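Contents: one structure, followed by commentary.
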């Protein structure tokens, strides 16, 4: 058995997570608060998967065990040493049911509180920066995580 060194994929995922989060922050004219939550949900998924990749999960393993389930991704990442920011929990709880349906479907009767998202975005920014720094700092010989067949 060998472990997968997923640093390159983790780097791609965290960079993409940060891009989606910036899309949620930016004011692109007609973008609604719901759109911002959707971009944030995508970024959370990618951020958590970046960590899972770093600790050895392959893309195939993540597809089979996580899919788009933010709760499973958070739980697995937590089991692998990653602490999701407490301040972002309410946003995750709000977006999770819609994200599990393959994205945000309309119509819905959810009130998407702009203030909650605005106060959460800085915590997610710092969270992704910490993951990014860890990716840069982890030497290949210290990669740990689920073993994959050789």
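Residue numbers (this note's numbering): 88 to 237.
All residues carry an ideal CB built from backbone N, CA and C; glycine is no exception.
All figures in this text were calculated on a predicted structure; none of them were measured in a lab.
Could you tell me if the beta carbon of residue i falls within a distance shorter than 6 Å of some heavy atom in the ligand NAP?
i: residue 138; result: The ligand NAP is absent from the structure shown, which contains no ligand whatsoever.
Report the option in the options whose CA atom is closest to the CA atom of residue i.
i: residue 112; options: 209, 214, 223, 219; result: 209
i: residue 173; options: 207, 145, 100; result: 207
i: residue 140; options: 127, 168, 117; result: 168
i: residue 130; options: 143, 117, 157, 146; result: 157
i: residue 218; options: 99, 138, 94, 96; result: 138
i: residue 166; options: 117, 107, 143, 204; result: 143
i: residue 126; options: 179, 170, 162, 225; result: 179
i: residue 132; options: 154, 145, 117; result: 154
i: residue 184; options: 159, 164, 170; result: 159
Using beta-carbon positions only, say whether residue i and residue j come within less than 7 Å of one another.
i: residue 128; j: residue 186; result: yes
i: residue 135; j: residue 175; result: no
Sufficient close CB pairs (3 or more, under 8 Å) joining the region 115–125 to the region 150–170: The region 115–125, when compared against the region 150–170, does not touch it at the 8 Å Cβ threshold.
Kindly provide the ranges of any alpha helix (DSSP H) runs that are 4 or more residues long and lie completely inside the region 191–226, ordered along the chain. Counting only runs of 4 or more, we get 201–224.
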